[in-house]
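Engineer:
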Amino acid sequence: MTRHLLRDDDLSPAEQAEVLALAVKMKAAPFQHKPLAGPRTVAMIFDKPTLRTQSSFSAGIAELGGNPLVINGDLAQIGVRESVEDVARVLGRQASQIVWRTNDQHKLESMAQWGGVPVINALSDDFHPCQLLADLLTVIERKGPLAGLRATFVGDGACNMGNSWLLAGATAGMHVVISSPEGYEPSGEIVAAAGKIAAETGGSVALDRDPVAAVANADIVITDTWVSMGKEAESQDRLAALKPYALTRALVAAAHPDAIAMHCLPAYRGKEVEAELIDGPDSVVWDEAENRRHAQKAVMAFLEERR
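If you read the sequence shown in this note's numbering, its first letter stands for residue 423, the second for the next number, and so on.
(1) For the alpha helix (DSSP H) containing R714, name the first residue and the last one.
(2) CB-CB under 6 Å to V643, same chain, minus the five flanking residues each way: which ones, in chain order?
(3) Closer than 8 Å is the cut-off here; do at least three beta carbon pairs connect the region 699–710 with the region 460–468?
(4) Report the three-state DSSP secondary structure of Q519 (helix, strand or coil).
(5) Going by DSSP, what residue range makes up the alpha helix (DSSP H) through L629?
(6) E604 to M722, Cα distance in whole Å?
(7) Closest to W648 by C-alpha separation, out of M583, L568, M448 and P435, would be which residue?
(8) Leaving out five residues on either side along the sequence, give the residues of the same chain with a beta carbon under 6 Å from the beta carbon of I619.
(9) What is the rounded straight-line gap between the Cα of G514 and the Cα of Y606?
(10) Exposed or buried, what is P608 when buried is set at 16 or more other beta-carbons lying within 10 Å of its beta-carbon?
(11) DSSP beta-bridge partners for R474?
(12) Using a Cβ-Cβ cutoff of less than 8 Å, which residues in the same chain neighbour G652 once the five nearest sequence positions on both sides are dropped?
(13) Name the two residues that bound the continuous beta strand (DSSP E) containing L491.
(14) Apart from the five residues just before and just after E716, which ones in its own chain have a Cβ nearer than 7 Å to its Cβ?
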């Protein structure tokens, strides 16, 4: 059966560890693995603005011996001009894999159902699994084995990064805490799914309204933009509600002395993250950005081997 990466818990704990170990190898020797040699084409569809996703996938596909094919979502109008099912049938006959950065998780699921080739979620409103694999790779580089580490996400816990940290962190056996104001908590379905995984891996998940208490003893402190793409109309309300949850040097000082600060970018300095923090020694954001390429290469190779 064709495998896909549509959400973080599509990978079992053993499979996540396998992908991350492969990413470590690929980063050390970026041109030795050629599962897409031919070159085989990988279609990349972008319905949303992109910088890191397009550049890291394009470079990664080329390093794997493949051909990156960029499809402009505004021109393709998938789901408007043509149904997702019809587009999936067409692209499945042109490409070996499909990478899609879009808003609707259900569209990704339809593409996976009808495409006949592996489909990778390059970001949806619900999940960001490729970013999480890059983040976990970064944590491994800085902290070593993931199991038992404590990761605290502060800010909008209902966003795709909050959801993905819950699922991927639990899969890795980490202790994940989400600190967000009322109305910005992750859904009960995601918390329950992550809790079920954590019970099997030895990790844990928790919600804590108090950001200072939530970061106590944290090894990793994470945030994301407060106004995600598509949420611009809510900007003023979001900025007011989330202001106490800004990632600052003072907040990181309340965590473990060796804690690292993470942000998937783009960052809005002076809002969700303090400028001096993101540019300072505790920040690992540039490693996260680079590791998108290595983690995504490992995902593509993993899925290609299981077709």
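Each residue gets a CB set at the ideal place from its N, CA and C atoms; glycine is no exception.
Structural biologist: Quick answer:
(1) V707 to E727
(2) T574, V637, V674, A677, A681 and A683
(3) Between the region 699–710 and the region 460–468, the count of C-beta pairs closer than 8 Å stays below three; the two stretches do not touch.
(4) strand
(5) Where L629 is concerned, there is no enclosing alpha helix (DSSP H), although the beta strand (DSSP E) it sits in stretches over S626 to L629.
(6) 38 Å
(7) M583
(8) The beta carbon of I619 sits closer than 6 Å to those of A592 and T593, all from its chain and outside the five residues before and after it, given in chain order.
(9) Cα-Cα distance, rounded: 37 Å.
(10) buried
(11) Beta-bridge pairing links R474 to no other residue.
(12) N525 and D547
(13) N489 to N494 is the extent of the beta strand (DSSP E) around L491.
(14) Checking the sequence, you will find His at residue 716 rather than Glu. Cβ neighbours of H716 beyond the five flanking positions: A445, M448, K449 and L559.
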